[in-house]
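Student: Structure incoming, see below.
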Amino acid sequence: MKYMHYFETPIGWMGAAEEDSRLVEVFFGRRPLSPGEVLQRTDLLAQTVAQLGEYFSGQRRQFDLPLGGQGSAFSRAVWQALLGIPYGQTRTYGQIAAQVGRPRASRAVGRACHLNPLVLVVPCHRVVGADGSLTGYAGGMAVKAFLLALEARSSRR
175 MKYMHYFETP IGWMGAAEED SRLVEVFFGR RPLSPGEVLQ RTDLLAQTVA
225 QLGEYFSGQR RQFDLPLGGQ GSAFSRAVWQ ALLGIPYGQT RTYGQIAAQV
275 GRPRASRAVG RACHLNPLVL VVPCHRVVGA DGSLTGYAGG MAVKAFLLAL
325 EARSSRR
């Protein structure tokens with residue numbers, strides 16, 4: 175059974191999903207429930223909402239939640255690398271590609287970021303173009319800019 179919960183944030187509605195006592199999705203917006211999903215705020219989903227609230231208020235720099243989710247071995251390696259990007263800092267797609275042992279796979283890193291099922295928690299918003307420019311983001315460019323500015327302000331405290 176997959177448990178779903180929706181909540182409001184400073185950047186709009188978001189959703190989160192738990193399966194087998196692990197957080198498997200954090201996403202922007204709302205979507206209809208699929209078969210096998212039930213709308214219920216579990217303890218883990220309440221903890222997720224609380225930690226995201228702390229993040230948006232500048233009080234949390236890292237999430238402490240049991241993570242699940244599925245992806246290819248390459249995508250999982252990229253997501254693990256993203257978890258290592260310090261709060262308030264960015265890395266380029268090329269840097270992440272090199273870190274996971276595929277230095278010519280910048281575009282594939284971008285694809286793995288696009289497929290990230292745990293937005294914000296796995297910080298794909300911290301990945302930028304080779305020239306430092308903001309590039310595509312599931313929540314839109316304005317949201318990516320907002321998140322990076324939030325982290326820059328909070329990291330100076």
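Quick note on this note's numbering: the sequence shown kicks off at 175 and runs consecutively. C-beta: ideal position from N, C-alpha, C; glycine also.
Compare the beta carbon distance of M333 and G210 with 9 Å and say whether it is the shorter of the two.
Tutor: The chain is shown only over 175 to 331; residue 333 falls outside these bounds and no answer can be derived.
Student: If you drop the 5 nearest sequence neighbours on each side, which residues of the same chain put their C-beta closer than 6 Å to that of G284?
Tutor: The residue given as residue 284 occupies position 110 in the sequence shown. These residues qualify, in order along the chain: Y267.
Student: Classify E182 as buried or exposed, calling it buried when 16 or more other Cβ atoms lie within 10 Å of its own Cβ.
Tutor: In the sequence shown, the residue the question calls residue 182 occupies position 8. By the 10 Å Cβ count, E182 comes out exposed.
Student: Given this structure, state the Cα-to-Cα distance separating F201 from Y177, to the nearest angstrom.
Tutor: Counting from 1 along the sequence shown, the entry for residue 201 is found at position 27. Counting from 1 along the sequence shown, the entry for residue 177 is found at position 3. F201 and Y177: Cα-Cα distance of roughly 14 Å.
Student: Are the CB atoms of G227 and S328 within a distance shorter than 9 Å?
Tutor: The residue labelled residue 328 in the question sits at position 154 within the sequence shown. The residue labelled residue 227 in the question sits at position 53 within the sequence shown. Not a contact, by the Cβ cut-off of 9 Å.
Student: Report yes if the CB atom of R265 is closer than 9 Å to the CB atom of V293, and no otherwise.
Tutor: If you number the sequence shown from 1, residue 265 lands on position 91. If you number the sequence shown from 1, residue 293 lands on position 119. In this structure, V293 does not lie closer than 9 Å to R265 by Cβ.
Student: With a 10 Å radius around its C-beta and 16 neighbouring C-beta atoms as the bar for buried, classify G313 as buried or exposed.
Tutor: As a first step, residue 313 must be located in the sequence shown, where it is residue number 139. Classification of G313: buried, given that the 10 Å Cβ count is 16 or more.
Student: What's the gap between the Cα of Q233 and the Cα of A190?
Tutor: Indexing the sequence shown from 1 puts residue 233 at position 59. Indexing the sequence shown from 1 puts residue 190 at position 16. Roughly 20 Å separates the two Cα atoms.
Student: Comparing C-alpha positions only, which one of L241, R281 and V223 sits nearest to F248?
Tutor: In the sequence shown, counting from the first residue as 1, residue 248 sits at position 74. When each option's Cα is compared against that of F248, the closest is R281.
Student: Between the Cα of V296 and the Cα atoms of F320, A286, S307 and D305, which residue gives the shortest distance?
Tutor: Locating residue 296 in the sequence shown gives position 122, where the first residue counts as 1. Nearest option by C-alpha distance: A286.
Student: DSSP on G227, reduced to helix/strand/coil?
Tutor: Position 53 of the sequence shown holds residue 227. The answer is helix: DSSP assigns G227 an H, G or I state.
Student: Grab the span of the beta strand (DSSP E) containing V296 for me, first residue to last.
Tutor: If you number the sequence shown from 1, residue 296 lands on position 122. Segment: none, V296 is in no beta strand (DSSP E) and carries neither H nor E.
Student: I'd like the span of the alpha helix (DSSP H) that includes Y311, first residue to last.
Tutor: Position 137 of the sequence shown, counting from 1, holds the residue named residue 311. Unbroken run through Y311: none, as it is neither H nor E.
Student: Who are the near neighbours of L239 in its chain, counting only those whose CB is closer than 8 Å to its CB and skipping five residues on each side?
Tutor: Translated into the one-based positions of the sequence shown, residue 239 becomes position 65. Within the same chain, L239 has close Cβ partners L197, L218, Q221, T222, Q225 and V295.
Student: Please go through the same chain and pick out, in chain order, the residues whose beta-carbon is closer than 7 Å to the beta-carbon of Y311, but skip the five residues on each side of it.
Tutor: Within the sequence shown, residue 311 is the residue found at index 137, counting from 1. Only H299, V317 and K318 meet the Cβ criterion.
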